[in-house]
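Residue numbering for the sequence shown is 0 to 126, as defined by numbering that gives the first Met the number 0.
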Amino acid sequence: MIGYVTLGTNDLQKAAAFYDVLLGQLGAARFMENERLIAWSTGPVGAGLAIVKPYDERPASAGNGTMVALQASSPGLVDKVYQKAVALGAKEEGEPGERGDIPGFYAGYFRDLDGNKLNVFYMPSPA
């Protein structure tokens, strides 16, 4: 359903270095790039994530209530990606752990270098 998500940035190269490492841990690589935008994906099928310098040339800002969720293949990978995000300078917004009333839902929350909120999560497939 979702083709891609874009997040605004005020420093394209700094944000790109953050996401190259972070999304690389989830198997993603750059698939599109120009002077205003860089996008990553895990392959030709599925959603991508992009960072962009706003086209209106006003400063980028994080949306209140907006969050991007990055799917991981295991709780261990959630922990690994979350810790890498923090090591790369992300702000902690909720350490990895079981969340809510959904059995097996495991997630960690953080904000990237521009203040955009993300989580990395694992949810087991229904039996």
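For each residue, glycine too, the CB sits at the ideal point set by N, CA and C.
When the options are compared against residue i, the one with the closest alpha-carbon
i	options	result
residue 33	52, 102 and 21	52
residue 108	16, 35, 96 and 18	96
residue 62	79, 117, 10 and 125	117
residue 78	124, 54 and 120	120
residue 3	67, 76, 100 and 72	67
Bridge partner(s) assigned by DSSP for residue i
i	result
residue 119	69 and 107
residue 97	105
residue 38	31 and 49
residue 79	Paired residue(s): none; residue 79 is not in a bridge.
residue 91	109
Residues near residue i in its chain [Cβ-Cβ closer than 6 angstroms; skip 5 each side]
i	result
residue 5	49 and 51
residue 26	41
residue 8	14, 50, 59 and 113
residue 98	104 and 106
residue 22	39
residue 166	Residue 166 falls outside the range modelled here, since the chain spans only 0 to 126, and no answer is possible.
residue 11	52
Contacting residues, own chain, Cβ-Cβ under 7 angstroms from residue i (five flanking each side not counted)
i	result
residue 30	38, 39, 40 and 47
residue 92	108, 109, 110 and 116
Three-state secondary structure assigned by DSSP to residue i
i	result
residue 28	strand
residue 85	helix
residue 13	helix
residue 2	coil
residue 7	strand
residue 19	helix
Contacting residues, own chain, Cβ-Cβ under 8 angstroms from residue i (five flanking each side not counted)
i	result
residue 83	20, 21 and 24
residue 72	121
- Item | Inter-stretch contact at 8 angstroms, needing at least 3 Cβ pairs: the region 28-43 / the region 75-89 | As far as the Cβ criterion goes, the region 28-43 does not touch the region 75-89, which means the pair count is below three.
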